[in-house]
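Notes follow once the structure below has been shown.
There are 2 protein chains.
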Amino acid sequence: MTNPTAAMLVIGDEILSGRTRDSNMNHLAKRLTESGIDLREARMVSDDHDAIVAAIRALSDAWDHVFTSGGIGPTHDDITADAVGAAFDTAVDVRDDARALLEAHYAKAGSELNAARLRMARIPDGATLIDNPVSAAPGFTIGNVHVMAGVPKVFEAMVESVLPTLTGGTPLTSASVRVERGEGDIAEILTELADRFDDLAFGSYPFQRPDGRFGSNVVVRGSDPARVEEAEAALNAAFP
Amino acid sequence: MTNPTAAMLVIGDEILSGRTRDSNMNHLAKRLTESGIDLREARMVSDDHDAIVAAIRALSDAWDHVFTSGGIGPTHDDITADAVGAAFDTAVDVRDDARALLEAHYAKAGSELNAARLRMARIPDGATLIDNPVSAAPGFTIGNVHVMAGVPKVFEAMVESVLPTLTGGTPLTSASVRVERGEGDIAEILTELADRFDDLAFGSYPFQRPDGRFGSNVVVRGSDPARVEEAEAALNAAFP
Numbered sequence: 001m002t003n004p005t006a007a008m009l010v011i012g013d014e015i016l017s018g019r020t021r022d023s024n025m026n027h028l029a030k031r032l033t034e035s036g037i038d039l040r041e042a043r044m045v046s047d048d049h050d051a052i053v054a055a056i057r058a059l060s061d062a063w064d065h066v067f068t069s070g071g072i073g074p075t076h077d078d079i080t081a082d083a084v085g086a087a088f089d090t091a092v093d094v095r096d097d098a099r100a101l102l103e104a105h106y107a108k109a110g111s112e113l114n115a116a117r118l119r120m121a122r123i124p125d126g127a128t129l130i131d132n133p134v135s136a137a138p139g140f141t142i143g144n145v146h147v148m149a150g151v152p153k154v155f156e157a158m159v160e161s162v163l164p165t166l167t168g169g170t171p172l173t174s175a176s177v178r179v180e181r182g183e184g185d186i187a188e189i190l191t192e193l194a195d196r197f198d199d200l201a202f203g204s205y206p207f208q209r210p211d212g213r214f215g216s217n218v219v220v221r222g223s224d225p226a227r228v229e230e231a232e233a234a235l236n237a238a239f240p
Numbered sequence: 001m002t003n004p005t006a007a008m009l010v011i012g013d014e015i016l017s018g019r020t021r022d023s024n025m026n027h028l029a030k031r032l033t034e035s036g037i038d039l040r041e042a043r044m045v046s047d048d049h050d051a052i053v054a055a056i057r058a059l060s061d062a063w064d065h066v067f068t069s070g071g072i073g074p075t076h077d078d079i080t081a082d083a084v085g086a087a088f089d090t091a092v093d094v095r096d097d098a099r100a101l102l103e104a105h106y107a108k109a110g111s112e113l114n115a116a117r118l119r120m121a122r123i124p125d126g127a128t129l130i131d132n133p134v135s136a137a138p139g140f141t142i143g144n145v146h147v148m149a150g151v152p153k154v155f156e157a158m159v160e161s162v163l164p165t166l167t168g169g170t171p172l173t174s175a176s177v178r179v180e181r182g183e184g185d186i187a188e189i190l191t192e193l194a195d196r197f198d199d200l201a202f203g204s205y206p207f208q209r210p211d212g213r214f215g216s217n218v219v220v221r222g223s224d225p226a227r228v229e230e231a232e233a234a235l236n237a238a239f240p
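What follows is the structure, given as structure tokens:
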């Protein structure tokens, strides 16, 4: 059995201009790994209708799940719902259940549900709402695409709302062995181990410390914890 | 005149598993913005030959420049040079000038230039080397693709080696106005300002502080500093 696959699409000019450092991709990556869903690709595009539509279509065709972040707020540059609607050839309009969530939230907060905020109730036909326990304005799932907010606290809450609805595979386990030698010194032995444990994935990640000492973190991943443990022991024996 | 466009391709299982948080994309984004080159897309793929080849081809066709990070070290999972060679239908082999750089570096360090390290001298035919002042092993440019290391210190040094060789456009200037009101309250005025200053790009980025107060950072960007200043004044007047 192979695990379900996934892609992430990060939407927003502020990411590509360098003004904002995306943290949602790393968060999603960790949560998917824990859930046995393999994140295989991520893309970042600007607030551009055609770019979002093209990316949604490509990723939705290629992978089992697509997770998006960004562009579902109340301002003029929030165009994700319309782009996702276009990608699925479906109409987008204010929906009663989404409007009711916003009405209740803003009534409690004593704020007005004005035209701008009402934009956040615009949902493509046929979508299922994603619960937003932080600030009410919902995300939504249409087909295999899960559309979520860009604000990290809200994004992270929405991920927790979506994950239980998905069927995961076998979660990966991993072991990390720190070797105080450069990658060039350990590459040969590492290749031998990767051949011997060919049901596991070996990665090597060089580091350099501020004091100038360097080395490699060797990470081994697999779905069978006993095999990962066996490989970890072999690594420790090879690099004492 | 429009600015040159660019894309970034981040290569590595460790990014998509969530083990490592990519910082190269944000660094490149800032440096390109300062250089008048518009970063329009970023992708992250795993250490998978076909995925790297497909992404290189798609991005190289779509944008003026492509910058890659990762997968050019000495270990078995470093397969970027071969994938880039395949994307350009060109042979990849150890090249004398790259080997000479490594020989000099490891001789000085008193380390052996073994078979694994020599892999870092494998360069696609017709490529130009990118200087690596940190650890010698070069990156390379082939066609419009600039292939660089994943280790942030080395990546950043290679970016500085490449940028002066590129023709930039007009650098963007930006102004940021902090508004202590939620996005839903400012969206209408913001839309009016975005229409009035339609040669500039307006973005709105909500924030919430640990004490629960929230607001929006409104950012306006453009190539004409005088217009950006004018828009900043209009923003300050609209949101006193």
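The listed protein sequences correspond, in order, to chains A and B.
240 is the number that full-length UniProt numbering gives the last residue of the first sequence; the numbers go up by one with no jumps.
240 is the number that full-length UniProt numbering gives the last residue of the second sequence; the numbers go up by one with no jumps.
Just so it is clear, CB atoms sit at the ideal spot from N, CA and C, and this is done for glycine as well.
Spell out whether any CB of chain B is found under 8 Å from the CB atom of residue i.
i      : result
T191/A : yes
G168/A : no
T5/A   : no
A201/A : yes
G139/A : no
A231/A : no
Just checking: is the beta-carbon of residue i within a distance shorter than 8 Å of some beta-carbon in chain A?
i      : result
V220/B : no
S17/B  : yes
H65/B  : no
T33/B  : yes
S204/B : yes
D77/B  : yes
Note down the Cα distance separating residue i from residue j, rounded to an integer number of angstroms.
i      : j      : result
R57/A  : G85/A  : 11 Å
N26/B  : V10/A  : 13 Å
T173/A : E229/A : 9 Å
G150/B : A29/B  : 15 Å
N236/B : L190/B : 12 Å
P133/A : F140/A : 14 Å
A42/B  : P240/A : 40 Å
G215/B : A175/B : 17 Å
N144/A : T167/A : 12 Å
S38/A  : S223/A : According to the sequence shown, residue 38/A is Asp rather than Ser. Cα to Cα, the separation comes out at about 12 Å.
A83/A  : I142/B : 35 Å
P206/A : D131/B : 19 Å
A87/B  : V53/B  : 5 Å
D50/B  : L193/A : 24 Å
G169/A : T5/A   : 9 Å
W63/B  : V218/B : 28 Å
R227/A : F155/A : 35 Å
D185/B : A55/A  : 31 Å
Is it buried or exposed for residue i, if we count other Cβ within 10 angstroms and need 16 for buried?
i      : result
R40/B  : buried
P74/B  : buried
F67/A  : buried
V94/A  : exposed
T20/B  : buried
E183/A : buried
T128/B : exposed
G203/A : buried
T80/B  : buried
T33/A  : buried
R196/A : exposed
S135/B : buried
Using the beta-carbon of each residue, which ones in chain B are nearer than 9 Å to residue i?
i      : result
A115/A : A187 and E188
K108/A : Going along chain B, no residue has its Cβ under 9 Å from K108/A, so there is no contact; the nearest lies around 14 Å.
R43/A  : E41, A42, R43 and M44
T68/A  : Correct list: empty, because the minimum Cβ distance to chain B is about 14 Å.
Residue i lies in the alpha helix (DSSP H); which residues open and close that run?
i      : result
N236/A : P225 to A238
I142/A : First-last for I142/A: G139 to I142, but that is the beta strand (DSSP E), not the alpha helix (DSSP H).
R57/A  : H49 to A62
M158/B : P152 to V162
D96/B  : D96 to A109
D89/A  : Looking at the DSSP string, D89/A is not in any alpha helix (DSSP H), and its letter there is neither H nor E.
What span of residues does the beta strand (DSSP E) with residue i cover, start to end?
i      : result
N217/B : F214 to G222
A175/A : T173 to V179
M25/A  : No beta strand (DSSP E) holds M25/A; the alpha helix (DSSP H) holding it covers N24 to S35.
Determine the chain E residues that contact residue i at a beta-carbon separation under 7 Å, and present them in chain order.
i     : result
N26/A : Looking for chain E here will not work: the only protein chains present are A and B.
How would you list, in chain order, the residues of chain A whose beta-carbon sits under 7 Å from the beta-carbon of residue i?
i      : result
D50/B  : What D50/B touches in chain A: nothing, since even the nearest Cβ is about 12 Å away.
P74/B  : E183, G184 and A187
V151/B : P206
A194/B : H76
Name the chain A residues that come within less than 8 Å of residue i, Cβ to Cβ?
i     : result
E14/B : G203, Y205 and V219
For residue i, go through chain B and note every residue whose CB falls closer than 7 Å to its CB, in chain order.
i      : result
D198/A : By Cβ distance, chain B contributes nothing, its closest Cβ being about 11 Å from D198/A, past 7 Å.
A29/A  : L16, S17 and G18
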